[in-house]
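Following: one structure in structure tokens, then a few remarks.
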Amino acid sequence: EGAPTGHDEL
Amino acid sequence: MNIFRFLGDLSHLASIFILLHKIQTTRSCRGISFRTQALYVVVFIARYLDLFFRYVSLYNSAMKLFFIASSCYILYLMKIRYRPTHDPSIDTFRVEYLLAPCLILALIFNYKFNFAEVLWSFSIWLEAVAILPQLFMLQRTGEAENITTHYLAALGAYRALYIPNWIYRYFTEGLVDPIAVTAGIVQTGLYLDFFYVYFTKVLQGQKFELPA
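Protein sequence lines correspond, in order, to chains A and B.
Residues in the first sequence are numbered consecutively from 2, following this note's numbering.
Residues in the second sequence are numbered consecutively from 20, following this note's numbering.
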């Protein structure tokens with residue numbers, strides 16, 4: 002998982 | 020979840036309900052760019068494929084499903100149900116000029132070089148510019164129904180509200196998502212001209228008309 006936010010946004 | 024993000028999501032939801040309301044009550048999709056709406060379907064499907072392998076929250080999944088379903092439904096309304104009210108001759112923006120650069124940006128800027136991450140990045144860049152066919156159409160016709168401008172204002176406000184959310188998250192969680200932030204600023208920037216006319220005319224009770 003590379004994304005800093007873990008893609009928790011829409 | 021913070022207040023800015025929540026208000027942003029509500030604004031996004033509101034924009035879709037306003038658009039549906041406009042189409043249903045006027046029984047027409049006049050003034051709405053089919054190309055922009057089709058790009059949103061691509062954006063949502065590309066980004067929310069993670070429904071199959073990543074669970075964030077019930078809120079998150081429900082919103083994703085809603086955005087995919089509603090965007091597909093809007094395409095159906097435009098292409099089938101109210102097809103005669105759509106005028107393709109003024110909806111001519113070449114979407115290839117958006118899709119290709121976004122794909123290149125996604126291949127260069129992503130958090131991991133795999134299919135899902137490149138697709139996610141692609142959807143973020145594409146969302147930033149997906150409104151261009153709609154704004155181009157508005158520019159060509161020079162005017163818009165009030166309800167259409169409310170739709171655009173709510174849609175523009177959604178990503179604009181994500182900007183304070185990112186600032187808030189930076190200070191509270193130390194998190195920065197450079198791809199989303201860059202694209203989000205571009206996306207909001209594209210609305211500035213529109214917002215100017217919306218605030219100075221539509222909200223003052225005048226019709227949305229662009230200077231000739």
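C-beta: ideal position from N, C-alpha, C; glycine also.
Listed by chain order, chain A residues near residue i by CB distance under 7 Å
| i | result |
| --- | --- |
| Y130(B) | G3, A4 |
| L194(B) | P5, T6 |
Contact with chain A by residue i, beta-carbon distance below 7 Å
| i | result |
| --- | --- |
| V75(B) | yes |
| D212(B) | no |
| L222(B) | no |
| D28(B) | yes |
Own chain partners of residue i with C-beta closer than 8 Å, once the 5 adjacent residues on each side are dropped
| i | result |
| --- | --- |
| Q158(B) | L229 |
| G224(B) | none |
| V137(B) | A125, L126, N129 |
| N165(B) | V221, K226, F227 |
| W185(B) | V195, D196, A199, V200, G203 |
Close-in-space but distant-in-sequence residues of the same chain around residue i (CB under 6 Å, 5 per side omitted)
| i | result |
| --- | --- |
| T104(B) | S47, C48, R49 |
| R188(B) | L194 |
| C121(B) | F141, W144, L145 |
| G161(B) | L229 |
| T172(B) | Contrary to the premise, residue 172(B) reads as Ala rather than Thr in this sequence. Answer for A172(B): Y217, listed in chain order. |
| T167(B) | G50 |
| S34(B) | Y170, A173, L174 |
Element boundaries [alpha helix (DSSP H), containing residue i]
| i | result |
| --- | --- |
| N165(B) | 165-192 |
| M156(B) | 151-160 |
| L122(B) | 115-127 |
| C91(B) | 77-95 |
| V195(B) | Premise fails: V195(B) is in no alpha helix (DSSP H) and is neither H nor E. |
| F132(B) | Note, F132(B): premise wrong, no alpha helix (DSSP H); not H, not E. |
| Y217(B) | 211-219 |
| K98(B) | Premise fails: K98(B) is in no alpha helix (DSSP H) and is neither H nor E. |
| Y59(B) | 53-67 |
| I22(B) | 22-45 |
Sequence-distant residues of the same chain with beta carbon closer than 7 Å to residue i, five excluded per side
| i | result |
| --- | --- |
| T55(B) | A149, I150, P152, Q153 |
| Y59(B) | S90, A149 |
| K83(B) | Y67, L70 |
heavy atom of the ligand ATP below 6 Å from residue i C-beta
| i | result |
| --- | --- |
| R54(B) | Absence of the ligand ATP from the depicted structure is noted, as is the absence of any ligand whatsoever, leaving it without description. |
Interface residues of chain A facing residue i [CB-CB closer than 9 Å]
| i | result |
| --- | --- |
| W144(B) | The premise fails here: W144(B) is roughly 15 Å from chain A at the closest Cβ pair, so nothing lies under 9 Å. |
| R24(B) | E10, L11 |
| D69(B) | H8 |
Within chain A, partners of residue i - CB distance below 8 Å
| i | result |
| --- | --- |
| K83(B) | L11 |
| R178(B) | In chain order: nothing, as chain A lies at least about 10 Å away. |
| N79(B) | D9, L11 |
| A199(B) | T6, E10 |
Partners in chain E for residue i, counting only beta-carbon separations shorter than 7 Å
| i | result |
| --- | --- |
| E136(B) | Of the protein chains in the structure, A and B, none is chain E. |
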